[in-house]
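Trainee: Below: one structure in structure tokens.
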Amino acid sequence: MEEFTNETIDTKQLPRFEEVQLTALHKNYWKVLLINNAIIFSIIAIVMIFLWINIEDSQEFSPFWVFGVFLVIVNVSFFLYRISFKKKAYAFRNHDVIYRSGLVATNTMVIPYNRVQHVALHEGFLSRYFGLAKVEIFTAGGSASDIEIPGIAKEEAENIKQLLMGKIQKQL
Amino acid sequence: METNFNKPQRQSSIGVLVMFVDSLQKFGRAFFPIIIIYFFKSESLSKLYLYFGLVGIVLVIAVIAYLSFINFTFYIDDENDEFIVNEGIINKTKTTIQLNRIQQVNIQQSLLQRIIGVYALNVDTAGSDNKEGNIKAISHSVALALKAKLLNNEARKEIISSDEAPIEEVKSSDYPFLKIDFLSLLKVGITSNYVRSFGLILTFFFTIFENLRNIGKEDLIDERTIDGFVENNSAFYLVSVFILGMFCVVFVINISRTLIKYFNYNITKQKGSLLLSYGLINTQSTILKPEKVQIVNISRNFFQKKLNVLEIKIKQAISDESKQKKSLIEIPGCNENERDEILKLIFKQLPEKGIMMKPNFRKLVFSIFLTIVLPLTGFFIFGKYINAEAFEFLNLAVFYTLFFLIIHYFGFRNYRLYINKNHIIKQSGAWDIDNEIIEIGKIQAITTSQLFWHKNLNIGSLTLHTAGGNLSFQLGNYAKIKEYVNLWLYEIETSNSNWM
């Protein structure tokens with residue numbers, strides 16, 4: 053029998069999750085976000101123009117005002133999207149996966165591999181065009197404790213999935 | 005047909021029909037109001053358009069159903085022991101489930117599926133959402149073969165044997181481990197759930213009042229008599245009578261509800277798990293398995309402390325949403341010794357309050373800002389610029405402010421996180437003081453969070469995710485929190501503790 057040791061853990065010596073170098077999302081994912089939003093805002097703009105033409109009362113509003121407000125909203129939301137895109141980053145360590153996200157707050161989530169239940173790979177239409185995929189990692193803790201990492205190159209995502217599956221197996 | 009699932013395969017071709025009805029249902033549910041409006045307004049529109057529109061929609065759905073059928077494939081990867089489901093027409097999803105993580109495989113049949121003779125197969129893992137592989141239409145033989153294949157591994161069998169300990173067996177030996185007597189229930193009834201019962205009564209009165217008004221029998225609550233009553237008696241007298249009456253009703257309701265629900269509460273010990281049974285009208289019985297326990301909440305207020313009673317709520321791991329209600333177990337009215345016994349049984353040792361962590365004073369400031377400063381500002385702006393009559397309620401505003409100040413002060417004072425070697429205890433609450441206990445081994449994931457203006461102040465929040473819910477601690481010392489997170493991660497990753 054091996055000699056049993058039970059030394060005190062020096063908490064200062066433990067690897068630190070907060071000092072891990074995180075990988076940013078693929079820069080093409082920003083394009084996906086941009087196009088997605090451009091589509092949504094164009095639809096809104098078209099509906100607004102349609103309403104403006106068809107509803108008589110609305111002609112009282114100056115179109116420039118409405119347009120101005122609309123532009124401000126568009127710009128602010130793109131700005132916010134940019135921040136949230138910049139903040140998103142991930143890292144796969146030997147024993148866990150780290151994902152950072154957030155807008156006002158910076159949330160860092162860590163899932164140990166031995167708590168992962170299953171993994172899914174999701175490809176949106178636009179993402180597929182840019183060769184990107186989203187890795188979804190599920191735990192038993194419900195939707196609050198799942199990680200979804202978008203904007204990873206397809207091959208890399210496949211690799212990550214394989215890595216995760218391998219890790220899960222080893223843990224059991 | 006094929007007992008070999010190594011190649012991606014589609015569902016039974018008749019499954020298109022299931023897909024079609026499914027999409028039709030989804031569409032119908034989403035656009036139900038629009039369709040109704042369309043129908044009623046259709047007099048002004050040409051009937052021809054309407055029928056063309058409907059036929060068009062059905063055609064589109066049929067095409068969608070066909071495409072989703074074509075794109076839905078599943079197979080078992082023998083090399084890696086994985087079950088893989090591919091789905092999606094434009095947005096594609098590939099779900100991979102490790103075979104030994106599969107907890108249940110259900111074969112089901114809806115009415116439609118019965119008519120066309122196919123079966124649905126659902127794969128369940130421990131995750132609580134139902135995003136896992138669901139196959140909608142396969143023949144019976146394929147379903148059985150696939151099920152056998154999916155469950156054909158050793159780890160699974162162990163889970164089943166420990167999971168499905170039959171209930172009948174448990175009933176065989178009966179020696180009560182704990183029995184909650186009438187007096188304890190009475191104590192709990194008197195001292196708990198004020199807010200909930202008060203809310204219930206308020207809604208009850210308001211519904212009656214509304215109904216009476218709607219019926220149009222205003223004379224039943226003749227405004228003149230009420231006005232007269234108000235004038236004759238001082239407002240103070242009226243209010244105190246009302247509050248007293250309310251308290252009486254709340255008491256009576258609370259006591260009777262607690263007694264009816266928890267009458268004859270018995271806990272019996274059986275092979276390491278607990279069997280609970282209770283109820284006056286219909287007797288409930290539940291099994292509590294210590295290894296499934298995720299969060300234990302011990303709740304007690306000032307009166308209950310004096311009377312030496314407390315309530316325990318136990319959250320178990322949930323494997324699907326419909327069982328969520330059952331996964332919460334309440335034990336009302338134990339005393340401290342009984343609590344310790346139960347905790348020892350669940351955690352194998354008594355969780356002690358270890359190193360204490362306090363929240364930053366900004367937590368207090370923030371809650372005061374949110375519930376006092378903001379509403380009061382609104383109140384004054386309203387009174388000053390819109391309707392000066394609002395100031396007649398000034399004393400009410402003062403009362404409100406004082407009340408919330410006291411609540412927040414005590415809430416802040418009680419807000420603590422205790423950390424020891426195996427357990428984390430979070431204490432919170434102003435009146436009812438909750439102590440939520442989790443075992444470090446039961447943590448599924450950890451989130452740390454920091455607002456950007458707190459970066460230099462070294463304040464941040466922590467959320468611990470378990471299979472029975474989350475536990476969060478806000479605005480603590482961030483450096484300390486991160487240090488503990490690293491330690492917990494180390495502990496979780498180096499041991500293979502069974503979390504359920």
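Protein chains in written order, with our numbering: chain G, 53 to 224; chain F, 5 to 504.
Beta carbons are placed, not taken as given, at the ideal position from N, Cα and C, and that holds for glycine.
The model shown is predicted, which means the values in this text are computed figures rather than measured ones.
Note down, in chain order, all residues in the stretch 403 to 422 of chain F with a beta-carbon under 7 Å from any beta-carbon belonging to chain G.
Mentor: Answer in chain order: no residues at all.
Trainee: Among the candidates 151/G, 182/G, 211/G and 176/G, whose CA atom is the shortest distance from the CA of residue 138/G?
Mentor: Looking from the CA of residue 138/G, the closest CA among 151/G, 182/G, 211/G and 176/G belongs to 151/G.
Trainee: With distances taken Cα to Cα, identify the nearest neighbour of residue 277/F among 286/F, 351/F and 341/F.
Mentor: 351/F
Trainee: When you compare the CB of residue 469/F with every CB in chain G, is at least one pair closer than 8 Å?
Mentor: yes
Trainee: I think residue 482/F touches residue 464/F, with their Cβ atoms under 8 Å apart; what is that distance to the nearest whole Å?
Mentor: 3 Å between Cβ atoms; contact.
Trainee: Can the beta-carbon of residue 174/G be found less than 8 Å from the beta-carbon of residue 97/F?
Mentor: Against a cut-off of 8 Å, the Cβ pair of residue 97/F and residue 174/G comes out as a contact.
Trainee: Can you tell me whether residue 193/F is buried or exposed? The criterion is at least 16 other CB atoms within 10 Å of its CB, across all chains shown.
Mentor: The Cβ neighbour count for residue 193/F, taken over all protein chains shown within 10 Å, is at least 16; the residue is labelled buried.
Trainee: By the 10 Å Cβ neighbour count, where 16 or more other Cβ atoms means buried, how is residue 62/G classified, buried or exposed?
Mentor: exposed
Trainee: Quick one: is residue 169/G near chain F, going by C-beta distance under 8 Å?
Mentor: yes
Trainee: Does DSSP classify residue 26/F as helix, strand or coil?
Mentor: helix
Trainee: May I have the straight-line CA-CA distance separating residue 110/F from residue 150/F, to the nearest angstrom?
Mentor: Spanning the alpha carbons of residue 110/F and residue 150/F requires a straight line of approximately 11 Å.
Trainee: Against chain F, with Cβ distances strictly below 8 Å, would residue 115/G count as a contact?
Mentor: Any Cβ of chain F closer than 8 Å to the Cβ of residue 115/G would place that residue at the interface, and such an atom is absent.
Trainee: Judging by CA-CA distance, which residue of 101/F, 82/F, 409/F and 76/F is the nearest neighbour of residue 88/F?
Mentor: 101/F
Trainee: Starting from residue 203/G, find everything on chain F with Cβ-Cβ shorter than 7 Å and list it in chain order.
Mentor: Close to residue 203/G, with beta-carbon spacing below 7 Å, lies no residue of chain F; the smallest spacing is near 15 Å.
Trainee: Determine the closest residue to residue 470/F out of 70/G, 191/G, 144/G and 210/G, with distance taken between C-alpha atoms.
Mentor: 191/G
Trainee: Drop a sphere of 10 angstroms on the beta-carbon of residue 503/F, count the other beta-carbons inside from all chains shown, and report buried for 16 or more, exposed for fewer.
Mentor: buried
Trainee: First and last residue of the beta strand (DSSP E) that includes residue 319/F?
Mentor: 314 to 320
Trainee: Over what stretch of residues does the beta strand (DSSP E) that includes residue 438/F continue unbroken?
Mentor: 437 to 443
Trainee: Show which residues of chain G have a CB atom less than 7 Å away from the CB atom of residue 507/F.
Mentor: As displayed, chain F neither begins before 5 nor continues past 504, which places residue 507/F out of reach and without an answer.
Trainee: Step through the CB atoms of chain F and report whether any lies within less than 8 Å of the CB of residue 109/G.
Mentor: no
Trainee: Work out the CA separation of residue 69/F and residue 78/F for me, nearest whole Å.
Mentor: Roughly 17 Å between the two C-alpha positions.
Trainee: What does residue 360/F pair with, by DSSP beta-bridge criteria?
Mentor: 422/F
Trainee: Nearest-angstrom Cα distance between residue 163/F and residue 21/F?
Mentor: Caution is warranted here: a pLDDT of 46 is assigned to residue 163/F, below 50, making its placement in the model unreliable, and no coordinate value can be reported.
Trainee: Classify residue 76/F as helix, strand or coil using the three-state DSSP reduction.
Mentor: coil
Trainee: Can you find a C-beta in chain G that's less than 8 Å from the C-beta of residue 217/F?
Mentor: No, residue 217/F does not count as interfacial toward chain G.
Trainee: Spell out the partners DSSP gives residue 83/F in its beta bridges.
Mentor: Looking at the DSSP assignment, residue 83/F forms no beta bridge with any residue, so it has no partner.
Trainee: State the Cα-Cα distance for the pair residue 163/G and residue 153/G, rounded to the nearest angstrom.
Mentor: 14 Å
Trainee: Would residue 336/F and residue 266/F qualify as a contact pair, given that the criterion is a beta-carbon distance under 8 Å?
Mentor: yes
Trainee: Which two residues bound the contiguous beta strand (DSSP E) that contains residue 109/G?
Mentor: That residue, residue 109/G, is in no beta strand (DSSP E); it is neither H nor E in DSSP.
Trainee: What residues of chain F sit near residue 180/G, judged by a beta carbon separation below 9 Å?
Mentor: 94, 95 and 96
Trainee: For residue 154/F, collect the residues of the same chain with a Cβ closer than 7 Å to its Cβ; drop the 5 residues on either side in sequence, then sort them by chain order.
Mentor: 87, 103, 106, 109 and 127
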